[in-house]
Amino acid sequence: AVVSTQSGHYGRDPGTPYSALVTSKGDLVGHRIQFRTHEERPGASPTDVRCEPQEGTTALLCSWSEIPLEQRNGDITSYKVRYRSHYDPDWGFNFTSVMYISIGDLEPVTLYTLQVMGCTAVGCGSAKELEVTTNEDKPSHKPRVRYIIPGVRNIRLGWEVPAGSFRNLFYIVKCQETNTGLAIFHKNVSALDAVISGQGVESDTDYTVSVTPQTSQGFGPALVENVSTLSKGISPSPSFLLTLFSTLIVFDFIYGLG
């Protein structure tokens, strides 16, 4: 029998379909067969690989183009994306069947190394590697109030850090008269408490205070509370001062205010 193929380099391309014509002596028609060579790992990485930080989050969005046809060595069944931060020795990884992926729950403002590779049924091939730095989250939750302590001409308040991944988190603390809307206090702070005081703070007056978290990615929802200052001549009782002192000690121990 004589076997001839439609390719002049039979057997050289892994995972490649072939058509062969089988003839024998005296057979003028012959018999055509279809077969495929064994697959191998891809011989090249995906092309045009890009990874960019997503706005308002620590996630990275990666996309790429196909592996060149002559280097696929079979059918590409999936893509593997590995990633790790510059201080982490262990790789995380995800698989996807499409040519893009979003990787979330990463550390804010951190340099990551990423590798993108294509995979056949045999395994994954060589990787395209690149580095990219994540953004930090834009706050999506308002801070939770820890305490509000009104005085005669001052208001002390504290709050909790909102959920999210942040590198540099600041708060805009504002206070205005509830009835007139007159702004009497505006300050940017990085701590988790503030004392609202000054000439604009009057006794026995209703105020609206707000705490707005802010990162490089924007502002989050504000904590808003209504509070009334004490009347003149009213001084806290010894029991109140003892309770307040004990409370502040507890907060200082838990949140490190001191």
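Heads up: the sequence shown runs through residues 41 to 298, numbered per my numbering. Think of the CB as a built atom: it goes at the ideal place given N, C-alpha and C, for glycine as much as any other residue. What you are looking at is a predicted structure, and each value in this text was computed from that prediction instead of being measured.
- Counting along the chain, the unbroken beta strand (DSSP E) around T136 starts and ends at G132 to T136.
- For L151, the enclosing beta strand (DSSP E) begins and ends at L151 to C159.
- Taking the Cα positions, P82 is about 57 Å away from V213.
- Per DSSP, reduced to three states, the secondary structure at E92 is strand.
- Taking 9 Å as the cut-off, the beta carbon of E200 is found closer than this to the beta carbon of P183.
- For M139, the CB contacts under 8 Å within the same chain, skipping 5 residues up- and downstream, are P86, S103, W104, S105, E106 and Y119 in chain order.
- In this structure, P148 sits near F206, with a CB-CB distance shorter than 9 Å.
- DSSP, read as helix, strand or coil, puts L109 in helix.
- Exclusion of the five residues before and after F135 leaves S118 and K120 as the residues of its chain whose Cβ lies within less than 6 Å of its Cβ.
- Closest by C-alpha distance to E95, out of A161, Y247 and S256, is S256.
- Within the same chain, D246 come within 7 Å of N219 by CB-CB distance, once the 5 residues on both sides are set aside.
- Proximity to N194 across K65, L222, V235 and Q155 peaks at V235, based on C-alpha coordinates.
- Proximity to T160 across I116, N228, A84 and P261 peaks at I116, based on C-alpha coordinates.
- S118 is bridged by DSSP to C159.
- Within the same chain, P82, P86, I107, I116, Y119 and G165 come within 6 Å of G158 by CB-CB distance, once the 5 residues on both sides are set aside.
- Distances from the alpha-carbon of A203 to those of S137, V264, H126 and P253 put P253 closest.
- Inclusion of V192 and S271 in the CB contact set at 9 Å is warranted, their separation being smaller than that value.
- DSSP places S64 outside both helix and strand once states are collapsed to three, so it counts as coil.
- Note that the C-beta distance between E265 and V185 is below 9 Å.
- For the 9 Å CB-CB criterion, H181 and Y152 do not form a contact.
- Contact check for L101 against I141 passes: the beta carbons are separated by less than 9 Å.
- Per DSSP, reduced to three states, the secondary structure at D246 is strand.
- Taking 3 residues as the minimum length, the beta strand (DSSP E) runs contained wholly in the stretch 157–225 are 164–173, 185–190, 194–199 and 210–217, in order along the chain.
- The alpha-carbon separation between G258 and E79 amounts to approximately 50 Å.
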